[in-house]
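So for the sequence shown, our numbering puts the first residue at 12; every next one is plus one.
To keep things clear, I will list the structure first and then write my remarks on it.
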Amino acid sequence: MLENKRILFVEDSPTMRRIIANSLRQLGVKDFEEAENGLDALEKLHESEFDLLMTDWNMPEMNGAELVEQVRKLERFKNLPILMVTTRGMEEDVLKAIQLGVNGYIVKPFTPEILSNKLNDLFQNS
Ligand SMILES: [Mg+2]
Numbered sequence: 012m013l014e015n016k017r018i019l020f021v022e023d024s025p026t027m028r029r030i031i032a033n034s035l036r037q038l039g040v041k042d043f044e045e046a047e048n049g050l051d052a053l054e055k056l057h058e059s060e061f062d063l064l065m066t067d068w069n070m071p072e073m074n075g076a077e078l079v080e081q082v083r084k085l086e087r088f089k090n091l092p093i094l095m096v097t098t099r100g101m102e103e104d105v106l107k108a109i110q111l112g113v114n115g116y117i118v119k120p121f122t123p124e125i126l127s128n129k130l131n132d133l134f135q136n137s
């Protein structure tokens, strides 16, 4: 199911980008793009079509919460599944992210299995 999905992931840490890219490949995702922060992600979202947006929270320029807020304001992305992947594990953070419109939440560090379960859940419900 994951092999024909196109994913945009947003992450400011190069090391974490490498880990996420490897995890996605391991799960059979072949079609993904990377963005370094929220602004970069917004540009890429406008340039092509994606089946899912995965985003970190803490990032320079535009953080993940701001990105989700911007994305949900746009009619075109109202139903785009969004998965937040962050070190922020406080209950209030999770609640805020859900209020902003994310569909799933993963606290770092994560295993490929956790990522796999979340992605499959999100694609089943979208
Ligand atoms: Mg970060």
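From the three backbone atoms N, C-alpha and C, an ideal C-beta is built for every residue, glycine too.
*Anything with a beta carbon under 6 Å from a heavy atom of ligand 1 counts; list them all in chain order.*
23, 24, 67, 69, 70
*DSSP three-state call for residue 17: helix, strand or coil?*
strand
_Assuming residue 101 and residue 113 are in contact, meaning their beta carbons sit under 8 Å apart, how far apart are those beta carbons, in whole angstroms?_
With 8 Å as the limit, residue 101 and residue 113 do not qualify as a contact, their Cβ atoms being about 15 Å apart.
_Three-way DSSP call (helix, strand, coil) for residue 113 in this model_ = coil
_Looking at the secondary structure, which residues open and close the alpha helix (DSSP H) in which residue 27 lies?_
25-37
*Rounded to the nearest angstrom, how far is the Cβ of residue 130 from that of residue 13, given a contact under 8 Å?*
6 Å
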